[in-house]
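Notes follow once the structure below has been shown.
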Amino acid sequence: MTPITSLPRFFDLIVFCFCAFCSVQTNSPSSTVGSSRTFTMPEPFPWEIGVHDAHCHPTDTMASVSDIPHMKITTLTIMATRGDDQDLVQQTAELCSVQSDTDHIDRIVPCFGWHPWFSHQISNSASSDTQNKKEHYDAVLTPSPADDQPFIDILPDPKPLSELISEIRARLQKFPTALVGEIGLDRSFRIPGPWTAEEIENRNGEVTPGSREGRRLSQYRVKPEHQRMVLKAQLQLAGEMNRAVSVHSVQAHGAVVDVLKEVWAGHERVSLSRRKRDKQRDAEGAEFEEEEVAVAKPKLFPPRLCMHSYSGSVDPVRQLIHKSNPSDVYFSFSSLINFNGAPAKKIADVVKSLPEDRILIESDLHKAGDELDNLMEDVARRICELRGWELRHGVQLLAENWRRFVYG
């Protein structure tokens, strides 16, 4: 920047900038002949309606949790992912248990579950003693790490799946409004390798341990069939506890649909013809308003689920919202994932294809604070623009959708 050396030059600069600004405004395509208004400020964001983050990870940066009471957001739906953060999510929910002013909705909705990135740490054995650690990882990882002892050494002893399910069940019982999440399938991720000296030196002490934390990635992936086993068990628990779930799906949308079809099998909603409805109405002596009748069997599937930061195409959407599905499927979107370099037409087509009552918004951010608030405002405005919703109306719709997803 060049310093201002004299007062006349300073005034000349002001006059020049003012004239340039007026010229731009006069020649702007948005200026209107005969109108003095040449610039429209964005509509103030209606935080007072209630804004709900459907999926976030502030416990990845525990130092940020103290910012939650001062945020504009109404509710944070906080995900657990691995062994290191289950207790942290529970502690955060207990610390922030003061209810918000909007409709007496909890400030925090905790979610407990095991992310596919850490699914290799779960064993199908009855106990941790029944299978050798090396044998377990050789069975669930590809390629086989049998000859890579340094890599196996950094991995934890596997936790039995039955133990994991018991722990999640206990947490859900403690929190009657808690959800199951984050769970799902991921075909693209690889497991981080051993720490290098440089990585240890640059390690961020504020980040909760257990995630990648900047480490280089190894060649190893979790076999899809093992991920499916861990996902299916958690979906069935959600059904048992009548809780909604938050689903992670990366390059695996078709596989997720297949697992859901497995747990839905035999519970599909059946559409009756008018003649059959009339016959059923006469036989039971009651009036039926609904066209869909669910088969009465024990439910081992979640009543509602959310495809978080959905990155798939329109085709899986059609499968997931089919009227025969016994679960109500929602789709949430984030600025970080869906509007940060992703194909604009693809995400626009998906958002426009959805029923308006199945859309949610999220931050998917690893910390609480102003950045999360800003991301939520940004994604809400983007969704409203894509759908052609007036801002206040759109924010109200999104809030109602979140309440229905969480509370039923």
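What the sequence shown shows, in mature numbering (1 follows the signal peptide of the UniProt record, and there is no 0), is residues -26 to -1, 1 to 382, in sequence order.
Backbone N, C-alpha and C define an ideal beta-carbon position, used for all residues, glycine too.
Quick caveat: nothing in here was measured; it's all calculated off a predicted structure.
In terms of Cβ geometry, ASP27 and LEU62 do not form a close pair [threshold 8 Å]. If the five residues before and after LEU372 are omitted, its C-beta is found closer than 6 Å to the C-beta atoms of ILE335, all from its own chain and listed in chain order.
Three or more beta-carbon pairs separated by less than 8 Å link the region 151 to 168 to the region 187 to 205, which places the two stretches in contact.
Residue environment for GLU172: exposed (fewer than 16 other C-beta atoms within 10 angstroms of its C-beta). Nearest to PRO134 by alpha-carbon distance, out of ALA239, ILE82, LYS107, PRO43, is LYS107. When the five nearest sequence neighbours on each side are left out, the beta carbons in the same chain lying within less than 6 Å of the beta carbon of ARG202 are those of VAL233, in order along the chain.
Listed as beta-bridge partners of SER97 by DSSP are PRO134. For THR66, the uninterrupted alpha helix (DSSP H) segment begins and ends at 60 to 69.
Remark: C-beta atoms of ARG356 and PRO20 do not approach each other more closely than 8 Å. At the C-beta level, ARG143 and GLN64 stay beyond 8 Å of one another. A straight line joining the alpha-carbon of GLY167 with that of MET53 spans about 24 Å. Residues of the same chain with a CB within less than 6 Å of the CB of LYS206, apart from the 5 flanking positions on each side, are VAL233 in chain order. Following the DSSP letters along the chain, one finds TYR111 inside the alpha helix (DSSP H) bounded by residues 107 to 114. The three-state reading of DSSP puts LEU191 in strand, counting E and B together. DSSP places GLU345 in the uninterrupted alpha helix (DSSP H) bounded by 344 to 361.
Contact between TYR381 and THR151 is confirmed by a C-beta separation of about 7 Å, below the 8 Å threshold. Taking the Cα of GLU359 as reference, the smallest distance to any Cα among GLY87, GLU345, ASP323 is reached at ASP323. Listed in chain order, the beta strand (DSSP E) elements of length 3 or more contained wholly in the region 264 to 318 are 266 to 268, 278 to 281, 302 to 307. Spatial neighbours of ARG361 in its own chain (CB-CB distance under 8 Å, excluding positions within 5 residues in sequence) are listed in chain order as VAL325, LYS326, GLU330, ILE333, GLY368. In the same chain as GLN193, and ignoring 5 residues on each side of it, the C-beta atoms closer than 7 Å to its own belong to PRO117, ARG164, in chain order.
Sequence-distant Cβ neighbours of ASP127 in its own chain, meaning closer than 7 Å and more than five residues away, do not exist here. SER220 has CYS280 as its beta-bridge partners, per DSSP. Excluding the 5 residues flanking it on each side, LEU349 has same chain C-beta neighbours closer than 8 Å at SER308, SER309, LEU310, SER337, LEU339, in chain order. Counting of Cβ neighbours within 10 angstroms places GLN95 among the buried residues, the total reaching 16 or more. Spanning the alpha carbons of VAL230 and SER223 requires a straight line of approximately 7 Å. Taken atom to atom, the span from the alpha-carbon of PRO124 to that of TRP169 is near 11 Å. For THR33, the secondary structure class from DSSP, reduced to helix, strand or coil, is helix. Annotation for LEU294: VAL303 place their beta carbon closer than 6 Å to its own, counting only its chain and skipping 5 residues before and after. If you look at GLY158, you'll find it in the beta strand (DSSP E) that goes 153 to 160. The beta carbon of GLY188 is closer than 8 Å to those of GLU173, ASN176, ARG177, ASN178 in its chain, skipping five residues each way along the sequence.
Collapsing the DSSP output to three states places VAL83 in a strand. Selection ALA218, GLU214, ASN299, LEU138 evaluated against VAL244 yields ASN299 as nearest (Cα-Cα). Residue burial annotation: PRO18 is exposed, with fewer than 16 other C-beta atoms found within 10 angstroms of its C-beta.
Apart from sequence neighbours up to five positions away, the residues of its chain that approach PHE275 with a beta-carbon distance below 8 Å are LEU209, GLN210, ALA212, GLY213, LEU234, VAL237, TRP238, HIS241, PRO300, SER301, ordered along the chain. Between the beta-carbon of LYS341 and that of ASP80 there is about 20 Å, and that puts the pair past the 8 Å contact cut. If you ignore the 5 residues before and after GLU374, its C-beta comes within less than 8 Å of the C-beta of ASP331, all in its own chain and listed in chain order.
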